[in-house]
Amino acid sequence: MANIADSIDQAPESFTTETPAEEAPKAPRAVLNVSGSAVGRRKQAIARARLVPGSGTTTINGRTFEEYFPNKLHQQLINDPFKVLDLLGGYDVVAKITGGGPSGQAGALRLAIARALNEIDRDNNRAILKKAGFLSRDARVIERKKAGLKKARKASQFSKR
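With the sequence shown counted from 1, adding 890 to any position gets you our numbering.
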């Protein structure tokens, strides 16, 4: 009985006639010598971004990337389209951003960069950007204040008597 239990626990490994395919080392993608520009919006922020092949520097409203967005989360959010496409450091970004706060501006710039990358090489970039969700605009905006309420949904406390 012990032999049967041991043989069940130690089931033979499945063997195939195929050899496992070894993955080739991933080479960084080639940067096309084409520039692109696009507009991105999020909440009340509007970002106009221009991508030019270069060393990867980002200038926003005449200031450096780290100076304009000191929050690391916002920096990561903006660089996500480049990371997904393996194009980090391939394009210089010159952007003008108006309206909104830091979070909305970062989201607007990410959408603008993703749209510009899509415009540059639609055949190779579109599917990856679309799957990552970078080409869709986030339509959530602040709800308007309603009459008779303190805010959009906040009402004064109800009193029965």
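Just so it is clear, CB atoms sit at the ideal spot from N, CA and C, and this is done for glycine as well.
Only a predicted model underlies this, so the values are computations on that prediction, with no experimental measurement involved.
By the neighbour-count criterion, in which a residue is buried when 16 or more other Cβ atoms sit within 10 angstroms of its Cβ, Gln1047 is exposed. Membership of Lys986 in any alpha helix (DSSP H) is not indicated; the residue belongs instead to the beta strand (DSSP E) covering Tyr981 to Thr988.
By the C-beta density criterion, Gly930 is buried, having at least 16 other C-beta atoms within 10 angstroms. The Cβ atoms of Asp1028 and Gly989 lie no closer than 8 Å to each other.
In the three-state reduction of the DSSP assignment, Leu1019 falls in the helix class, which pools H, G and I. Taking a 10 Å sphere around the C-beta of Gln966, we find fewer than 16 other C-beta atoms and assign the residue as exposed.
One Cα belongs to Phe959, the other to Asn923, and the distance between them is close to 28 Å. Proximity to Tyr981 across Ala1042, Lys1050, Val921 and Gly994 peaks at Val921, based on C-alpha coordinates. Annotated three-state conformation of Val974 is helix, per DSSP. Taking C-beta separations shorter than 7 Å and ignoring five residues to either side along the sequence, Leu963 has no partners in its chain. DSSP places Leu941 inside the beta strand (DSSP E), whose first and last residues are Ala935 to Pro943. Ile1018 and Ala1004 have their C-alpha atoms roughly 10 Å apart.
Under DSSP, the beta-bridge partners assigned to Ala928 are Ala939. Its Cα nearest to that of Phe1024, the residue Ala1002 stands out among Ala1002, Ile950, Lys1036 and Ala1037.
Taking C-beta atoms as the reference points, Ala937 and Ile987 count as a pair closer than 8 Å. Rounded to the nearest whole angstrom, the C-alpha separation of Leu978 and Gln934 is 28 Å.
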